[in-house]
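What follows is a single structure, written as structure tokens, with notes after it.
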Amino acid sequence: MTAAAVATAAAALRERQKPIKAGYREDPASALVTSTATARVDQAGLTATVPTWAGDVVAGLHPAAGGDGTQACSGDIVLQALVACAGVTLSSVATALGVELRSANVTAHGTWDARGTLGVDRDAPVGLTSVELVLDLDTDADQDKVERLVELTERYCVVARTLQDPPPLTVRQA
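Read in our numbering, the sequence shown has 1034 at position 120, and its numbers run on one by one without any break.
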């Protein structure tokens, strides 16, 4: 995007969000959103199918846990949700700040110990033990502006914030 296009997009974004923000200021309770995801479990296939806005995603075992690699891995899906959220947030924040991005890529690296999920070692952790989010930006913006962009992307990315400060999780039978 050119500088003029970024300025136009920033104005359009502010205009689109203005009534939404005003409504939330007037009625804070209206800002509370409940998101829901459901999976259909196929025990025979050792999979779970998750309907998404982009179509069904079939999740299965990661090859490190006995899968054949043909289904999505839930740990990878967490990282994909992180890069999707961070990418949208980065784009929105860059637009709001008037930062022109010639290109931008967001990559997440996550580490987990397969011994934990397979029950091989009771002391081994289950789940991601570290996550790194890398923003590869091509821009002429000065370093202070880029640092602000990165800071605000981290601050406003819902998935990043959820991973940094996890909410209470309850598991129950319906």
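Glycine included, every Cβ here is placed at the ideal spot set by N, Cα and C.
Would a C-beta distance cut-off of 8 Å place residue i and residue j closer than the cut-off?
i            : j            : result
residue 1042 : residue 971  : no
residue 1083 : residue 1064 : no
residue 953  : residue 962  : yes
residue 997  : residue 1020 : yes
residue 989  : residue 1024 : yes
residue 1015 : residue 1053 : yes
residue 1055 : residue 1013 : yes
residue 1061 : residue 1022 : no
I need the DSSP call for residue i, collapsed to helix, strand or coil.
i            : result
residue 990  : helix
residue 972  : strand
residue 977  : helix
residue 1085 : coil
Does the beta-carbon of residue i have 16 or more other beta-carbons within 10 angstroms, so that it is buried, or is it exposed?
i            : result
residue 1026 : buried
residue 947  : exposed
residue 1073 : buried
residue 974  : buried
residue 986  : buried
residue 943  : exposed
Beta strand (DSSP E) runs contained entirely in the stretch 1002-1075, provided each spans 3 or more residues: 1015-1026 and 1042-1053
Contained alpha helix (DSSP H) runs [length at least 4] in the stretch 920-955, N- to C-terminal order: none
Cβ contact (3+ pairs, closer than 8 Å) linking the stretch 971-981 and the stretch 1008-1015: no
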